[in-house]
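Okay, structure first, notes after.
Residue numbers (my numbering): 1038 to 1232.
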């Protein structure tokens, strides 16, 4: 198993890159979260990797953090979730945001990811609920810092007010919250409850 690569970035065209390590060029597929943080061509790069061996191919996946690789490996174990969907999930949201979706049973956010339908989103929430324990960051790893989205802030606030998670997700899921602040979402949700 190839667990990590350190070498020069020789090629990048999303989602694929080539890292040259001591004269050998490794083709690596990355989620957009890692791809967008890549250095310039010719610069040194370190990635945590996962080698997927299939009958017809051996594919190397690269991640900027151990947390991303851990989540990717967990996703591969879920029925109906392959490597392509795993990359799509990590490209669409941070590890912390995915944790929040699972914790708050937020299927509405998960179904916005290309390839994730309602049943898959529900399966992800059910199967990942007890599994989300990520490996500690290695020295030198960038910490994943995430600002909570207005939607998740509103969910937190409504749950703190005593509403059940299922009710809150159903309520906010039926609203158009794009571009709104957490306060606006909360007001709108409370107006709907009062009707």
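For every residue, glycine included, the Cβ atom is placed at its ideal position computed from N, Cα and C.
Which residue's Cα is closest to the Cα of residue i: the options?
{"i": "residue 1051", "options": "1060, 1058 and 1075", "result": "1075"}
{"i": "residue 1057", "options": "1161, 1201, 1079 and 1221", "result": "1079"}
{"i": "residue 1126", "options": "1161, 1063, 1055 and 1200", "result": "1161"}
{"i": "residue 1100", "options": "1089, 1108 and 1084", "result": "1084"}
{"i": "residue 1106", "options": "1156, 1203, 1071 and 1082", "result": "1071"}
{"i": "residue 1143", "options": "1095, 1091, 1229 and 1203", "result": "1203"}
{"i": "residue 1207", "options": "1150, 1197 and 1230", "result": "1230"}
{"i": "residue 1095", "options": "1197, 1038, 1201 and 1199", "result": "1038"}
{"i": "residue 1089", "options": "1219, 1124, 1198 and 1211", "result": "1124"}
Counting only the same chain and skipping the five closest in sequence on each side, list residues whose C-beta sits under 7 Å from that of residue i.
{"i": "residue 1181", "result": "Low local confidence applies: a pLDDT of 37 at residue 1181 is under 50, so the model's placement there is unreliable, and no value is given."}
{"i": "residue 1224", "result": "none"}
{"i": "residue 1195", "result": "1205, 1223 and 1226"}
{"i": "residue 1217", "result": "1187"}
{"i": "residue 1165", "result": "1111 and 1139"}
{"i": "residue 1178", "result": "Low per-residue confidence applies at residue 1178: pLDDT is 44, beneath 50, and the placement is therefore not dependable enough to give any value."}
{"i": "residue 1159", "result": "1144"}
{"i": "residue 1209", "result": "1188, 1191, 1192, 1222 and 1226"}
{"i": "residue 1117", "result": "1157 and 1160"}
Could you please give the first and the last residue of the uninterrupted beta strand (DSSP E) stretch that includes residue i?
{"i": "residue 1128", "result": "From DSSP, residue 1128 is part of no beta strand (DSSP E) but of the alpha helix (DSSP H) over 1120-1129."}
{"i": "residue 1208", "result": "From DSSP, residue 1208 is part of no beta strand (DSSP E) but of the alpha helix (DSSP H) over 1202-1210."}
Taking residue i as part of the alpha helix (DSSP H), name the residues at either end of that continuous run.
{"i": "residue 1165", "result": "1155-1165"}
{"i": "residue 1189", "result": "1187-1197"}
{"i": "residue 1134", "result": "1132-1140"}
{"i": "residue 1225", "result": "1219-1231"}
Residues in the same chain with beta-carbon distance under 6 Å from residue i, minus the five sequence neighbours each way, listed in chain order, please.
{"i": "residue 1137", "result": "1189"}
{"i": "residue 1069", "result": "1128"}
{"i": "residue 1098", "result": "1066 and 1087"}
{"i": "residue 1214", "result": "1188 and 1222"}
{"i": "residue 1055", "result": "1047, 1048, 1062 and 1064"}
{"i": "residue 1146", "result": "1138"}
{"i": "residue 1043", "result": "1083"}
{"i": "residue 1108", "result": "1132"}
{"i": "residue 1152", "result": "1122 and 1125"}
{"i": "residue 1219", "result": "1187, 1190 and 1191"}
Identify every residue that forms a DSSP beta bridge with residue i.
{"i": "residue 1053", "result": "1050 and 1066"}
{"i": "residue 1041", "result": "1085"}
Looking only at its own chain, which residues have a Cβ that is under 8 Å from the Cβ of residue i, when we skip the five neighbours before and after it?
{"i": "residue 1154", "result": "1148"}
{"i": "residue 1077", "result": "1046"}
{"i": "residue 1168", "result": "1111"}
{"i": "residue 1115", "result": "1160, 1161, 1164 and 1165"}
{"i": "residue 1171", "result": "Legend: pLDDT at residue 1171 = 40, less than 50; position of this residue unreliable, value from coordinates given subsequently. Excluding sequence neighbours, residue 1171 sits near 1103, 1104, 1107, 1108 and 1132."}
Does the beta carbon of residue i sit closer than 8 Å to a beta carbon anywhere in chain D?
{"i": "residue 1226", "result": "Reference to chain D is not applicable here, since this structure consists of a single protein chain."}
Alpha helix (DSSP H) runs contained entirely in the segment 1059-1117, provided each spans 4 or more residues: 1069-1072 and 1103-1113
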